[in-house]
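Structure first, commentary second.
Chains as they are written, first to last, in the numbering used here: chain W, 1382 to 1576; chain D, 1382 to 1576.
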């Protein structure tokens, strides 16, 4: 079922304009990342509470050097957790917006010490839908799925699983208790994205 | 940090038009619900995989009669699960859209047997952000939070916790394994919404 014609066409028109502006800014962000000689830029996308920040807390100490751009609707709690690791962290509060867009990244382009990090992680707003659409200038999207969310997420939210280069299945230690079929989940992920 | 001026004003203008059209259709939906003598209409909102469908599977047999409108980006898996309970169920596939809006509900207004149910549940797309904004004509919003998502969700996604009349904390049986402080969670919920 599609949206009614009453609002549909207007949304589409404006969306095209917004996406074009976003893509232009994303390309500029990407140029900045390349000029700063960053080896890899990753856009982390997941449902709320899937464990993006905890994953970064585990990954950061393993890397030569990395930095994080934190996106949240409200609070700086995640940024504070990562700041404790003594890595460059900047917090973007989206003021209600359901995703980061390239313009928000562009606003920190001149202040963040990109040339001091080998890897950059951009932690998006917790939302499995909207952040999928907005390129930020990253090299790869990473989707993080928490096992208790259930095995049916890849087929119910296929877009992000198609666009992501990497899928992390998190909270595996809850497998014995949450009744989710890990094999079914893996099968469904490969069905949506064989690569 | 706000959106750049390049795209900002356009979004706001159109959003106002869309919200006005949505509110008008939501009011018409509400009139239909009242005319059908439904005792309560509930809009269920949560992250993906928080357990909205499972909750409905448990609630439905306890009620005199109920019906469900299922919103999903893709698949009819949830609707099929509820159809097995022999209650009226209709599936709305949003074709990528991150939320249900009032126009989508309006499209099933003439077909769904509203006058045969005492309670109507509308299961929104799994998304803790965008569905908050769009009234559908419901009496109450219910937010479902899965315990493994973590205690910080009410302060990080405050809008839905402010707007909801009911908050269901789900997957409590995972409390011993997921290290989430249930008391802290309850404290944060009441901080965001004392009612």
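Glycine is no exception: its CB is placed at the ideal position from the N, C-alpha and C atoms.
Where residue i falls: helix, strand or coil (DSSP)
i	result
residue 1411 of chain W	helix
residue 1453 of chain W	strand
residue 1574 of chain W	coil
residue 1387 of chain D	Confidence is the limiting factor: at residue 1387 of chain D the pLDDT is only 42, short of 50, which leaves the residue's position unreliable, though a coordinate-based value still follows. In the structure shown, residue 1387 of chain D sits in coil (DSSP, three-state: anything other than H, G, I, E or B).
residue 1559 of chain D	helix
residue 1504 of chain W	strand
residue 1419 of chain W	coil
residue 1393 of chain D	Any reading at residue 1393 of chain D must be qualified, since the residue scores a pLDDT of 47, below 50, and its modelled position is unreliable; no value is offered.
Interface flag, residue i vs chain W, CB-CB below 8 Å
i	result
residue 1552 of chain D	yes
residue 1455 of chain D	yes
residue 1540 of chain D	yes
residue 1536 of chain D	yes
residue 1409 of chain D	no
residue 1575 of chain D	no
residue 1566 of chain D	no
residue 1555 of chain D	yes
residue 1572 of chain D	no
residue 1529 of chain D	yes
residue 1545 of chain D	no
Extent of the continuous beta strand (DSSP E) run through residue i
i	result
residue 1443 of chain W	Per DSSP, residue 1443 of chain W belongs to no beta strand (DSSP E) and is neither H nor E.
residue 1428 of chain W	That residue, residue 1428 of chain W, is in no beta strand (DSSP E); it is neither H nor E in DSSP.
residue 1493 of chain D	It is not in any beta strand (DSSP E) - residue 1493 of chain D carries neither H nor E in the DSSP assignment.
residue 1526 of chain W	1521-1527
residue 1471 of chain D	1470-1474
residue 1548 of chain W	1547-1551
Residue-chain proximity (residue i, chain D), Cβ-Cβ < 8 Å
i	result
residue 1458 of chain W	yes
residue 1533 of chain W	yes
residue 1559 of chain W	yes
residue 1461 of chain W	no
residue 1494 of chain W	no
Residues of its chain near residue i, where Cβ-Cβ distance is below 6 Å and the 5 sequence neighbours each way are ignored
i	result
residue 1460 of chain D	1451, 1470 and 1472
residue 1538 of chain W	1509
residue 1445 of chain D	1499
Own chain, CB closer than 8 Å to residue i, minus 5 neighbours either side, in chain order
i	result
residue 1545 of chain D	1426, 1521, 1522, 1523, 1524 and 1574
residue 1386 of chain W	Bear in mind that the predicted position of residue 1386 of chain W carries a pLDDT of just 40, short of 50, making it too unreliable to give a figure here.
residue 1388 of chain D	With a pLDDT of 41 at residue 1388 of chain D, under the threshold of 50, the modelled position of this residue cannot be trusted; read the value that follows with caution. Answer for residue 1388 of chain D: no residue qualifies.
residue 1462 of chain D	1434 and 1438
Contacts around residue i, its chain only, beta-carbon distance under 7 Å, and the 5 residues preceding and following it disregarded
i	result
residue 1505 of chain D	1424, 1425, 1426, 1452, 1480, 1481 and 1512
residue 1531 of chain D	1561
residue 1468 of chain D	1441, 1447, 1448 and 1449
residue 1487 of chain W	1406, 1409 and 1410
residue 1570 of chain W	1535, 1542 and 1548
residue 1382 of chain D	Bear in mind that a pLDDT of 35 at residue 1382 of chain D, under 50, signals an unreliable position, so the number given afterwards is only what the model happens to contain. None.
Endpoints, alpha helix (DSSP H) assigned at residue i
i	result
residue 1536 of chain D	1534-1537
residue 1478 of chain W	Counting along the chain, residue 1478 of chain W falls outside any alpha helix (DSSP H), and DSSP gives it neither H nor E.
residue 1463 of chain D	1458-1464
Residues of the region 1497-1527 of chain D with Cβ closer than 8 Å to any Cβ of chain W, in chain order: 1506, 1507, 1508, 1509, 1510, 1511 and 1527
Near-chain D residues of the region 1425-1455 of chain W (beta-carbon distance less than 7 Å), N- to C-terminal order: 1428, 1429, 1430, 1453, 1454 and 1455
The region 1471-1484 of chain W: positions lying closer than 8 Å to chain D by Cβ: 1473, 1474, 1475, 1476, 1477, 1478, 1479, 1482 and 1484
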